[in-house]
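For the sequence shown, my numbering gives the first residue as 9, with consecutive numbering after it.
Using N, Cα and C, we set each Cβ at its ideal position, and we do this for glycine too.
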Amino acid sequence: GTPLGVGELCSLHSEKLKLFCLEDKQLVCLVCRDSQKHDNHTFRPIGEAVSLCKEEVNTALKSLQEKHKNNEKMKGEFEKPVQHIKSQADHTERQIKQQFEKLHQFLRDEEEATITALREEEEQKQKMKEKLEELNRDISALSHSIRDMEEMMKASDVCFLKEFPVSMERVQISSQPDPQTPSGALIDVPRYLGNLPFRVWMKMQDIVQNTPVILDPNTANPHLVVSDDLTSVKWTRNKQLLPDNPERFDWYPCVLGSEGFNSGTHCWDVEVKESQYWRLGVTTASNQRKGSDFFKSDVWCVYYNHYGLPGFGFSVEQDHECVRVNLDYDRGTVSFSDPVTNTHLHTFTTTFTDTVLPFFWCWSDSLRILPFSSQ
9 GTPLGVGELC
19 SLHSEKLKLF
29 CLEDKQLVCL
39 VCRDSQKHDN
49 HTFRPIGEAV
59 SLCKEEVNTA
69 LKSLQEKHKN
79 NEKMKGEFEK
89 PVQHIKSQAD
99 HTERQIKQQF
109 EKLHQFLRDE
119 EEATITALRE
129 EEEQKQKMKE
139 KLEELNRDIS
149 ALSHSIRDME
159 EMMKASDVCF
169 LKEFPVSMER
179 VQISSQPDPQ
189 TPSGALIDVP
199 RYLGNLPFRV
209 WMKMQDIVQN
219 TPVILDPNTA
229 NPHLVVSDDL
239 TSVKWTRNKQ
249 LLPDNPERFD
259 WYPCVLGSEG
269 FNSGTHCWDV
279 EVKESQYWRL
289 GVTTASNQRK
299 GSDFFKSDVW
309 CVYYNHYGLP
319 GFGFSVEQDH
329 ECVRVNLDYD
339 RGTVSFSDPV
349 TNTHLHTFTT
359 TFTDTVLPFF
369 WCWSDSLRIL
379 PFSSQ
């Protein structure tokens, strides 16, 4: 375990260790140098070998220091996403609770309205109770009449004949037709319980909307703010502090749809009336999002620029309220139209081999994807 050095003896030949073998990286004596074990090896005196080895260690040390410095830097880069993930989770949870509260409130309102309708019908149907009370009064009156007539039958002949006309008149009045049980007198139970969950679910469709394309905030340039419901995007001058994850655009003011397509036909309407400078279309999922190479290939889009600046894609001359994007993956077409004026704007024809994603460029105000109901 003693470190080898000058003056120390070789364990094999008991000679002084004066040289360093560069191949085996060990101290050797003169006899070792001439032995077969070290044939064709390069040797250096200890002084020279120390310089050479220190140089090598220094190079390795610099590399480690550089790696350490990079790791420290990466640690800072990793801390940002960790904090962002926490705030994303908290914000998303709040949104989930809000959305469910709206649904819970709808169900509570529906329950209350259904029970109110039932109570109203119950109140209306209580007219049977009134009929029952009327019947009770009739029974009581008839009981009196029967008793009186029975008494009259027992009376003397003169009294009997005297009372006879009045008694017969009372009999005529009392012999009205018997009361009938009216139809539909009972509670209409199926009206409330028949397919109750299904009917509420159908009604719920009036308050919920389905948007065909949802934005992915993890792809949005830091100058773009995506709405809480992920259907609209707004440009802001102030850059947000967001992690520079691989999915995110860092150069162009773009954001992508959350779902890629690799077959079938897909259609979405985008409200563009709030923006002076927009670009819409599709791009491949593998397209480069970092730097300025995004528009070099695999982008099919139309654009409108109020300021008249040239851009990538097909230029739309006039302003529009809304633009419809129609993708037919299998036929290889992306067509654009104005659904308000029913005007065709442009069609690209190509062959898709990669997954494509809807993309949105917003460098002025905002863009909004419209729900199905407005298509």
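Closest residue to cysteine 18 among Thr50, Leu35, Pro261, Leu30 (Cα-Cα distance): Walking along the sequence shown from the start, residue 18 turns up at place 10. Nearest of Thr50, Leu35, Pro261, Leu30 to cysteine 18, Cα basis: Leu35.
Using DSSP with H/G/I as helix, E/B as strand and the rest coil, what is isoleucine 93? The residue labelled residue 93 in the question sits at position 85 within the sequence shown. Of the three classes helix, strand and coil, the one that applies to isoleucine 93 here is helix, per DSSP.
Tell me whether cysteine 167 sits in a helix, a strand or coil according to DSSP, three-state version. Reading the sequence shown from its first residue, position 159 is the one you call residue 167. Three-state result, cysteine 167: helix.
Could you give the distance in angstroms between the alpha-carbon of glutamine 385 and the alpha-carbon of aspartate 236? What the structure shows of the chain is the stretch from 9 to 383, and residue 385 is not part of that stretch, so it cannot be assessed.
Please list, in chain order, all residues of the same chain as phenylalanine 380 whose beta carbon is under 8 Å from its beta carbon, the five residues on each side excluded. Stepping through the sequence shown from its first residue, residue 380 is reached at position 372. So the list reads Gln217, Asn218, Thr219, Pro220, once near-sequence residues are dropped.
Rounded to whole angstroms, what is the Cα-Cα separation between isoleucine 222 and glutamate 63? The residue given as residue 222 occupies position 214 in the sequence shown. The residue given as residue 63 occupies position 55 in the sequence shown. Going by the C-alpha atoms only, they are around 58 Å apart.
In chain order, which beta strand (DSSP E) runs of at least 3 residues are fully inside the stretch 225-310? 232-234, 240-243, 262-264, 273-279, 285-292
According to DSSP, is arginine 339 part of a helix, a strand, or is it coil? By 1-based counting over the sequence shown, the position of residue 339 is 331. Coil, per DSSP.
Can you check which of these residues, Thr363, Lys139, Val197, is closest to aspartate 306 by C-alpha distance? Residue numbering aside, residue 306 sits at position 298 when the sequence shown is read from its first letter. When each option's Cα is compared against that of aspartate 306, the closest is Thr363.
Any chance the stretch 283-290 sits against the stretch 363-372, with 3 or more Cβ pairs inside 8 Å? yes
Taking the Cβ atom as the reference point for each residue, do leucine 232 and proline 261 lie within a distance shorter than 7 Å? For the purposes of this step, residue 232 is taken as residue 224 along the sequence shown, with counting starting at 1. For the purposes of this step, residue 261 is taken as residue 253 along the sequence shown, with counting starting at 1. Closer than 7 Å, so yes.
Please name the residue, chosen from Leu353, Gly265, Arg207, His328, that lies closest to phenylalanine 344 on a Cα-to-Cα basis. Here residue 344 corresponds to residue number 336 of the sequence shown, with the count starting at 1. Out of Leu353, Gly265, Arg207, His328, Leu353 has the C-alpha closest to the C-alpha of phenylalanine 344.
Can you confirm whether the stretch 238-247 touches the stretch 71-82 when touching is taken to mean that 3 or more C-beta pairs between the two stretches lie within less than 8 Å? no
Any idea what DSSP makes of phenylalanine 28, helix, strand or coil? Locating residue 28 in the sequence shown gives position 20, counting from the first residue. Three-state result, phenylalanine 28: strand.
Contact check, valine 333 vs tryptophan 259, beta carbons under 7 Å: As a first step, residue 333 must be located in the sequence shown, where it is residue number 325. As a first step, residue 259 must be located in the sequence shown, where it is residue number 251. Contact: no.
Residue range of the unbroken alpha helix (DSSP H) whose run includes proline 205: As a first step, residue 205 must be located in the sequence shown, where it is residue number 197. Note, proline 205: alpha helix (DSSP H), 204-212.
Which two residues bound the contiguous alpha helix (DSSP H) that contains proline 198? Counting from 1 along the sequence shown, the entry for residue 198 is found at position 190. Proline 198 -> alpha helix (DSSP H) spans 197-201.
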